[in-house]
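What follows is a set of notes on a single structure, which appears directly below.
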Amino acid sequence: MDAFLQINVLQIPVRLTVDVLTIGAIIRVNVLKVHFGKQCLPVCQLNPCSELSTCEALPASSRNQTKNKTYQCKCDAQHTGTYCETRLDQPCPSNWWGYPICGPCQCDINKGYSADCNKTTGECSCEDNHFQPRSSTVCYSCDCYSIGSYGNGCDPISGQCHCRPGVIGRRCDSCSNPFAEVTLKGM
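Under our numbering, residue 197 is the last one in the sequence shown; the count climbs by one each step, no gaps.
Written as structure tokens, this is what we have:
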């Protein structure tokens, strides 16, 4: 006997087509298809997979191996994860970029650029603890004064270091009061 059973799973209506065999007090239910949503569509028609992956319905025989999921996402070469939601890093080694063919980064380390570039575009960026003013072709060291600043990093465009209270200057090496001294507590 075929019957339809609609239940709510996590507030999502699920329509199951079931084959019910009754032997005494034992009832056996075989799930043939699982549908979701108000239109009761097959899950792969709703495509729960991310990016350019494809949804494939699984046969009932393989569902025990996949924790009773009725589908699986087939990811492209650049994505992974249950729903293909995680982008894989490009396969190029350090200081190289491109896909599917890798080429060397053209970043000038003598001008303060990192030797490694963006793996997708090949664009160069400043080394850590460096900044690049607008319309400049050179990256400069932040050169933060260690006692007056909270670290070696600075604003990536202005080069302003992160100063302690009362300390001023791009490098955090001055006080507004000429009689004060820069200390680890500020001025």
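We put the beta carbon where it would ideally sit given N, CA and C, even for glycine.
- F141 is not a Cβ neighbour of G113, given a cutoff of 9 Å.
- Leaving aside the five residues that flank D138 on each side, none in its chain has a CB nearer than 7 Å to its CB.
- Taking 9 Å as the cut-off, the Cβ atoms of Y81 and V53 count as close.
- The residue among D183, I157 and H172 with its C-alpha nearest the C-alpha of K195 is I157.
- Where C83 is concerned, the enclosing beta strand (DSSP E) starts and stops at Y81 to K84.
- By the beta-carbon neighbour count (other beta carbons within 10 angstroms, threshold 16), Y160 is exposed.
- Looking at the DSSP output, A67 sits in a beta bridge with Y81.
- Taken in chain order, the unbroken stretches of beta strand (DSSP E) that lie wholly in the segment 109–184 and span 3 residues or more are 159–164 and 171–173.
- Relative to the Cα of C117, the nearest Cα in the group P110, H172 and S104 belongs to S104.
- A distance below 6 Å between beta-carbons, with the five flanking residues on each side excluded, links T130 to no residue of its chain.
- As computed with DSSP, G196 is found in a beta bridge with T193.
- G176 is positioned such that its CB atom lies closer than 9 Å to that of C185.
- Exclusion of the five residues before and after Y155 leaves R181, C182 and D183 as the residues of its chain whose Cβ lies within less than 6 Å of its Cβ.
- In this structure, the straight-line span from the alpha carbon of G132 to that of Y109 is close to 11 Å.
- Your pair C134 and C127 checks out as a contact, with CB atoms roughly 5 Å apart and the cut at 8 Å.
- Relative to H172, the option among F189, C152 and T96 whose CA is nearest is C152.
- The straight-line gap separating the alpha-carbon atoms of S60 and T193 is approximately 52 Å.
- The Cβ atoms of P58 and C65 sit closer than 9 Å to each other.
- Look at L62 here: in three-state DSSP terms it is coil, with no helix or strand label.
- Residue range V53 to L56 is occupied by the alpha helix (DSSP H) that includes C54.
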